[in-house]
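S.K.:
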Amino acid sequence: MDTVWKEYKLRKSVFWMSVFIFFVWMWFCSSFVEMLFLGFIIGVAIVGAAAVFYARWKCPRCHKPFVLKGAYGNVLTTKCLHCGLPSYASSAEISNLAYNLKA
Ligand SMILES: [Zn+2]
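With the working numbering, letter number 100 in the sequence shown gets 113, and the count goes up by one each step, no holes.
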């Protein structure tokens, strides 16, 4: 795997781990009714921070956010939302500049 995709994989893993931790955390907080609201706020803040970390990763080909396009984000995408570069593409595909930026 190209080193450029290691950062992508790390950020993606951090995001999905935070989602998993959110559910475990909410299950834990559900045992303490007085903690539920505060626990929810903390959980959403953690997932939000991880989502920002993930969304700020830039596509190695077009250098635009890979999973974010304007206000639209797709954490399940396997292609760059701007140039369509598939995740884990080879360095030859990354350096191929014959692509169209979608409007
Ligand atoms: Zn791209």
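C-beta: ideal position from N, C-alpha, C; glycine also.
For a test of your reading of the model: does the CB of residue 74 fall under 7 Å from any non-hydrogen atom of ligand 1? Yes or no.
M.R.: yes
S.K.: Buried or exposed for residue 79, going by 16 or more other Cβ atoms inside 10 Å?
M.R.: buried
S.K.: Looking at the unbroken alpha helix (DSSP H) that takes in residue 65, where does it start and where does it end?
M.R.: Segment 49–68, the alpha helix (DSSP H) holding residue 65.
S.K.: Measuring CB to CB, does residue 21 end up less than 8 Å from residue 74?
M.R.: no
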